[in-house]
Amino acid sequence: MNKIAKGIPKLLVLAALSIGTAHAQLLGTSVTGAGYDVASTAGTFLTTNFFDPANGYVPAGYGNSSSTTATIVNSGIEFALVYDGGSVSNPSIDSVTADFTASGLNVTFQHPNYAGGLTGFSLVFTDSAFSGGTFTKTADGFSNGGFTTSLVGDTLTLTVGPNCVLGVGCSWASPSTATWAFTSSVPEPGTGSLIAAGITALLLLAGTRRLLAQRGSASARALNSGIRCISI
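Structure, rendered in structure tokens:
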């Protein structure tokens with residue numbers, strides 16, 4: 031076996047590793063979101079989805095302003111909620127935004143005008159592009175233990191302050207932010223085709239070298255045979 035053929039299995043392994051660590055492009059995918067407050071019992075949540083515009087907590091100008099499903103874009107915020115009036119940057123009580131990027135998520139919580147106890151909350155996002163991937167928290171400015179992260183299939187669940195119940199609450203700085211990086215087993219666009227083209231080229235080169243070697247051997251045998259005939 032020539033050196034090129036021997037190197038093909040190594041290339042296949044490297045290709046598999048590169049695919050496994052490729053950052054997915056989330057841009058253009060559809061994500062459905064829900065936001066729930068902790069109820070009066072620790073670890074339980076209200077059934078009201080604050081990311082649903084039908085419930086009256088979503089301001090204009092965001093991805094979920096008309097639906098709980100938003101398209102992930104590069105220059106916009108996919109999900110927002112404002113509790114009890116005001117704006118995202120200046121809410122009467124608090125606001126939450128969830129901004130997806132090509133390969134991650136940023137969550138920001140603000141309450142510049144409210145100093146009372148704040149309830150914990152849970153954010154749930156579903157996107158088929160999440161399947162097989164991982165969300166790794168890279169920063170968390172929330173006290174009281176910060177966010178927990180769970181990705182099951184295509185559903186991401188982020189929870190902060192599950193013991194910060196209605197009537198008691200907890201305190202977070204304003205603003206508080208947390209970020210996650212998303213990595214998928216699906217290669218970036220073009221990665222798979224480039225790897226396939228490289229392997230094909232190596233296989234063709236290996237086949238060409240084998241053919242030339244075979245022709246060289248045949249020519250050598252014919253020459254040897256002619257020399258023997260002349261000697262006789």
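Just so we're on the same page, the numbering used here is the position in the sequence shown counted from 1, plus 30.
The beta-carbon is built from N, C-alpha and C at its ideal position, and this holds for glycine as well.
Helix, strand or coil: how does DSSP classify A84 here?
Residue mapping note: residue 84 aligns to position 54 of the sequence shown, counting from 1. A84 falls in the helix class under three-state DSSP.
Look up F151 in the DSSP assignment and give the residues it is bridged to.
As a working mapping, residue 151 is identified with position 121 in the sequence shown. Bridge partners of F151 according to DSSP: D67, V190.
Per the DSSP calculation, S180 is bridged to which residue(s)?
Locating residue 180 in the sequence shown gives position 150, counting from the first residue. According to DSSP, S180 bridges with T187.
What does the alpha-carbon distance come out to for the pair A132 and D124?
Position 102 of the sequence shown, counted from the start, is the residue given in the question as residue 132. Position 94 of the sequence shown, counted from the start, is the residue given in the question as residue 124. About 27 Å.
Below 8 Å, how does it come out for the segment 132 to 146 and the segment 59 to 69: are there three or more Cβ pairs, yes or no?
Cβ pair count under 8 Å is below three, so no.
Mapping the DSSP letters down to three states, classify A110 as helix, strand or coil.
What you label residue 110 is simply residue 80 of the sequence shown in a count that begins at 1. For A110, the secondary structure class from DSSP, reduced to helix, strand or coil, is strand.
Report the three-state DSSP secondary structure of A203 (helix, strand or coil).
As a working note, residue 203 is residue 173 in the sequence shown. Looking at A203 - three-state DSSP - the assignment turns out to be coil, as it is neither helix nor strand.
Classification of V198 by the beta-carbon crowding that lies within 10 angstroms, buried from 16 upward:
Taking the sequence shown and counting its residues from 1, the one referred to as residue 198 is at position 168. Exposed is the call here.
What does the alpha-carbon distance come out to for the pair Y144 and L196?
Taking the first residue of the sequence shown as 1, we reach residue 144 at position 114. Taking the first residue of the sequence shown as 1, we reach residue 196 at position 166. Each residue's Cα considered, the two are about 15 Å apart.
From Y87 to L76, what does the alpha carbon distance come to, in whole angstroms?
The residue labelled residue 87 in the question sits at position 57 within the sequence shown. The residue labelled residue 76 in the question sits at position 46 within the sequence shown. When rounded, the distance between both Cα atoms is 14 Å.
Please confirm whether T59 and D129 have their CB atoms less than 8 Å apart.
As a first step, residue 59 must be located in the sequence shown, where it is residue number 29. As a first step, residue 129 must be located in the sequence shown, where it is residue number 99. Cβ atoms of T59 and D129: not closer than 8 Å.
When G150, L148, S173, T187 are compared against T164, the one with the closest alpha-carbon
As a working mapping, residue 164 is identified with position 134 in the sequence shown. That would be T187, whose Cα lies nearest to the Cα of T164.
Please decide whether I123 counts as near chain D, where near means a Cβ-Cβ distance under 8 Å.
Among the protein chains of the structure shown there is no chain D, as only one such chain exists.
Within the continuous beta strand (DSSP E) that includes A145, where are the two ends?
What you label residue 145 is simply residue 115 of the sequence shown in a count that begins at 1. Per DSSP, A145 belongs to no beta strand (DSSP E) and is neither H nor E.
Simplified DSSP assignment, three categories, for S60:
Residue 60 sits at position 30 when you count from the first residue of the sequence shown. Taken through DSSP and simplified to helix, strand or coil, S60 comes out as strand.
What do you get for D114, buried or exposed, if any count of 16 or more other CB atoms within 10 angstroms of its CB means buried?
Here residue 114 refers to the residue found at position 84 of the sequence shown. Within a 10 Å sphere around the beta-carbon of D114 sit fewer than 16 other beta-carbons, which makes this residue exposed.
Where S206 and S215 are concerned, what is the direct C-alpha to C-alpha distance, given to the nearest angstrom?
On the sequence shown, residue 206 is found 176 positions in, with the first residue counted as 1. On the sequence shown, residue 215 is found 185 positions in, with the first residue counted as 1. Using only the alpha carbons, I get a separation of about 31 Å.
Check whether the segment 105 to 114 and the segment 80 to 94 are in contact - that is, three or more C-beta pairs closer than 8 Å.
Between the segment 105 to 114 and the segment 80 to 94, the count of Cβ pairs shorter than 8 Å is three or higher; the stretches touch.
T178 classed as buried or exposed, judged by whether at least 16 other C-beta atoms fall within 10 angstroms:
Here residue 178 refers to the residue found at position 148 when the sequence shown is read from its first residue. Residue environment analysis places T178 among the exposed positions, since fewer than 16 neighbouring C-beta atoms fall within 10 angstroms of its C-beta.
Looking at the structure shown, is A159 part of a helix, part of a strand, or coil, going by DSSP?
Position 129 of the sequence shown, counting from 1, holds the residue named residue 159. In the structure shown, the three-state DSSP call for A159 is helix.
Let me make sure I understand the geometry here. Which of S152, T185, L56, T166 has the alpha-carbon closest to that of T78?
Taking the sequence shown and counting its residues from 1, one reaches residue 78 at position 48. Selected option, being the one with the closest Cα: S152.
Let me know the secondary structure DSSP gives N174 once reduced to three states.
Counting from one through the sequence shown, the residue named residue 174 turns up at place 144. Coil at N174, not helix or strand.
Beta-carbon separation of K167 and W210 under 8 Å?
The residue given as residue 167 occupies position 137 in the sequence shown. The residue given as residue 210 occupies position 180 in the sequence shown. Yes, they are a contact pair.
Is the beta carbon of P89 closer than 8 Å to that of V68?
In the sequence shown, residue 68 corresponds to position 38, counting from 1. In the sequence shown, residue 89 corresponds to position 59, counting from 1. For the 8 Å CB-CB criterion, V68 and P89 do not form a contact.
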